[in-house]
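**Student:**
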Amino acid sequence: MTPPPKKFKNPRLRPGFQGRSCSIAALGSYLPRRVLTNADLEKMVDTSNEWILTRTGIKERRIAAPEEHTSDLAAKAALLAMQRANLAPDQIDLIILATITPDMPFPSTACMVQKKIGAFRAAAFDIQAACSGFLFALEIGQHFIMAHTVDTVLVVGAEKLSTIVNWKDRNTCVLFGDGAGAAILRNCPGSHGLLTTCLGSDGNKSDLICMPAGGSKCPPSAHSLASGMHYLHMDGRETFKSAVNAMHMAARDALRRCDLDISQIKCVIPHQANRRIIDAVSERLGATPAQVFTNLEKYGNTSAASVAIALDEAVQLGRIHKGDLILLIVFGAGLTWAAAVIEW
Ligand code: ACO
13 MTPPPKKFKN PRLRPGFQGR SCSIAALGSY LPRRVLTNAD LEKMVDTSNE WILTRTGIKE
73 RRIAAPEEHT SDLAAKAALL AMQRANLAPD QIDLIILATI TPDMPFPSTA CMVQKKIGAF
133 RAAAFDIQAA CSGFLFALEI GQHFIMAHTV DTVLVVGAEK LSTIVNWKDR NTCVLFGDGA
193 GAAILRNCPG SHGLLTTCLG SDGNKSDLIC MPAGGSKCPP SAHSLASGMH YLHMDGRETF
253 KSAVNAMHMA ARDALRRCDL DISQIKCVIP HQANRRIIDA VSERLGATPA QVFTNLEKYG
313 NTSAASVAIA LDEAVQLGRI HKGDLILLIV FGAGLTWAAA VIEW
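First residue of the sequence shown? That's 13 in this note's numbering, and the numbers climb one at a time after it.
(1) Which of helix, strand or coil does DSSP assign to residue 121?
(2) Tell me whether the beta-carbon of residue 122 lies closer than 8 angstroms to the beta-carbon of residue 107.
(3) Can you check DSSP and say which residues form a bridge with residue 172?
(4) Which residues share a DSSP beta bridge with residue 296?
(5) Helix, strand or coil for residue 94 per DSSP?
(6) Looking only at its chain, what residues have a beta carbon closer than 6 angstroms to the beta carbon of residue 286, apart from the 5 residues adjacent to it on each side?
(7) Count the other CB atoms, across all protein chains shown, that sit within 10 Å of the CB of residue 235; report buried if there are 16 or more and exposed otherwise.
(8) Does at least one heavy atom of the ligand ACO sit under 7 angstroms from the Cβ of residue 249?
(9) Relative to the C-alpha of residue 269, which residue among 209, 205, 168 is closest?
(10) Between residue 179 and the ligand ACO, is the CB less than 7 angstroms from at least one heavy atom?
(11) Could you have a look at residue 137 and say whether DSSP puts it in helix, strand or coil?
(12) Look at the alpha carbon of residue 327 and the alpha carbon of residue 356, and state the distance between them as a whole number of angstroms.
(13) Given a cut-off of 8 angstroms on the beta-carbon distance, is the pair residue 242 and residue 223 in contact?
(14) Run the proximity test for residue 143: is its beta-carbon closer than 7 angstroms to any non-hydrogen atom belonging to the ligand ACO?
(15) Could you check whether the Cβ of residue 187 sits closer than 7 angstroms to any heavy atom belonging to the ligand ACO?
(16) Exposed or buried, which one is residue 150 when buried takes at least 16 other CB atoms within 10 Å?
(17) Alpha carbon to alpha carbon, how far is residue 169 from residue 58?
(18) In terms of alpha-carbon separation, which member of 112, 48, 272 lies closest to residue 82?
(19) Am I right that residue 277 and residue 255 are in contact with their C-beta atoms under 8 angstroms? What's the rounded C-beta distance?
(20) Residue 50 and residue 72 look like a contact to me (Cβ under 8 angstroms); what is the Cβ gap, rounded to whole Å?
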């Protein structure tokens with residue numbers, strides 16, 4: 013009897029990786045309660061709902077309370093994911109947290125989360141790849157599992173961007189929001205899980221999006237504070253162009269590695285930065301609007317949390333079912349970018 017034609021190629025299935033797969037066992041997300049609408053922003057800077065909506069697609073975003081830190085958002089998302097996976101805190105071997113807004117420069121926010129969720133057996137560390145952070149962290153976590161080092165990894169993307177946004181700068185303050193998304197990675201025999209991830213960076217364009225002060229290059233000083241160097245700075249136009257190119261190339265490479273055509277993808281989940289970026293990337297990939305999931309109108313750009321929150325929401329809304337193929341595509345400061353293909 014001839015075997016059925018292969019649906020796709022799993023690039024991880026090679027000697028040494030046989031028999032060990034890594035899947036997302038559960039997801040969780042958390043959005044702070046306070047909603048900041050475009051109408052609210054009209055009262056803060058010289059902007060309009062019409063401009064924000066047509067240029068970005070964003071209607072509102074969430075803002076964390078002053079006493080709510082990035083680790084609090086992360087812990088709430090993580091606890092929901094753990095509950096859905098029926099996972100006790102002491103079953104977590106490793107916590108990897110992606111953020112550009114850590115509670116403090118050190119110790120890591122992952123250690124704060126460890127304390128808040130009681131996962132005291134876990135090792136914990138942060139990674140930083142800006143808006144691409146969740147996919148970078150997912151790929152790191154999956155390698156720990158594939159290498160038989162650990163069995164259960166908690167991956168979190170969490171941001172309190174409202175603390176680094178200049179609320180007087182209309183070029184940036186309309187774009188960002190706070191939130192967190194979490195995934196539990198486990199070795200799930202019999203499933204394919206995370207099929208591939210294409211990662212990329214371009215340090216030549218590190219000036220396009222950055223926070224110039226607060227690090228060793230420009231330590232905090234009266235001058236750095238007075239000149240607003242502790243805020244997020246961005247060249248929007250150049251970032252836009254780089255984002256479209258990088259996201260398209262990464263997605264194409266990820267599909268090619270798996271011998272997949274875009275039509276075989278059930279759900280494309282891009283970084284939720286700008287509706288026009290998402291439309292341009294989707295068009296270049298040949299993805300139909302029905303394939304592409306967006307929720308940026310409600311939350312704006314939540315950087316490392318963005319794609320994690322969107323993935324959780326897509327699953328909760330029944331847009332993704334077991335066996336479906338999913339394409340995640342991200343882009344951020346660094347520059348950094350990534351695309352991942354997952355069999356759900
Ligand atoms: N309200 C009204 N007018 C505005 C606003 C605003 N909120 N912001 C900018 N403008 C004005 C500008 O001043 C400019 O006016 P001018 O022509 O008189 O100079 C005009 O609108 C057009 O400005 P552009 O920069 O050309 O606007 P564009 O269409 O490019 O949209 C935007 C700007 C939304 C920032 C877009 O470039 C973008 O989304 N860039 C990508 C951002 C991104 O993806 N970041 C991801 C990474 S973030 C991270 O990693 C943390």
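Glycine included, each C-beta is placed from N, C-alpha and C at the ideal position.
**Tutor:** On the basis of the supplied data:
(1) helix
(2) yes
(3) 190
(4) Answer is none; residue 296 lacks a bridge partner.
(5) helix
(6) 68
(7) exposed
(8) yes
(9) 209
(10) no
(11) strand
(12) 10 angstroms
(13) yes
(14) yes
(15) yes
(16) buried
(17) 31 angstroms
(18) 112
(19) Wrong, their Cβ atoms sit about 20 angstroms apart, outside the cutoff.
(20) 7 angstroms
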